[in-house]
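In numbering that gives the first Met the number 0, the protein residues as written are 0 to 101. In this text, a Cβ means the ideal position worked out from N, Cα and C, and glycines have one as well. Each remark here refers to the structure printed beneath this line.
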Amino acid sequence: MLDNAPTYLAFTALASGVASGATTGTNLGLLAAHPVGQKLLVAVSCGSVMMGALTYIGNGPNFIVKAIAEQHSVRMPGFFGYLCWSLPILIPIFLLASAVFF
């Protein structure tokens with residue numbers, strides 16, 4: 000939850016501005032009541048929760064797991080190595096989650 004909170008807050012504030020000034024960012028109820036804001040809020044919620052924990056790119060606890068594995072002599076890919084390795088797995092998961100929830 001803590002890893003996804005900054006993502007959620009940043010994109011919710013952005014959604015508030017996009018939804019024709021529906022709210023100032025302090026009242027999520029107004030954003031949820033706005034027709035465009037409701038769709039944006041669902042997208043932000045799903046994106047930050049479902050996709051935020053899938054990678055160790057930018058995810059603090061996953062960096063810790065990576066560091067522990069490397070400390071025990073387990074080879075771990077770097078940023079670009081992980082990106083190349085994970086995209087064939089993550090893109091279909093992203094498309095499946097999009098099809099199921101949207």
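Exposure of Ser-72 is indicated by the presence of fewer than 16 other C-beta atoms within 10 angstroms of its C-beta.
Val-64 counts as exposed, since fewer than 16 other beta carbons sit within 10 angstroms of its beta carbon. For Ser-72, there is no enclosing alpha helix (DSSP H), since its DSSP letter is neither H nor E. The beta carbons of Trp-84 and Pro-91 sit about 14 Å from each other, so the pair does not count as a contact at 8 Å.
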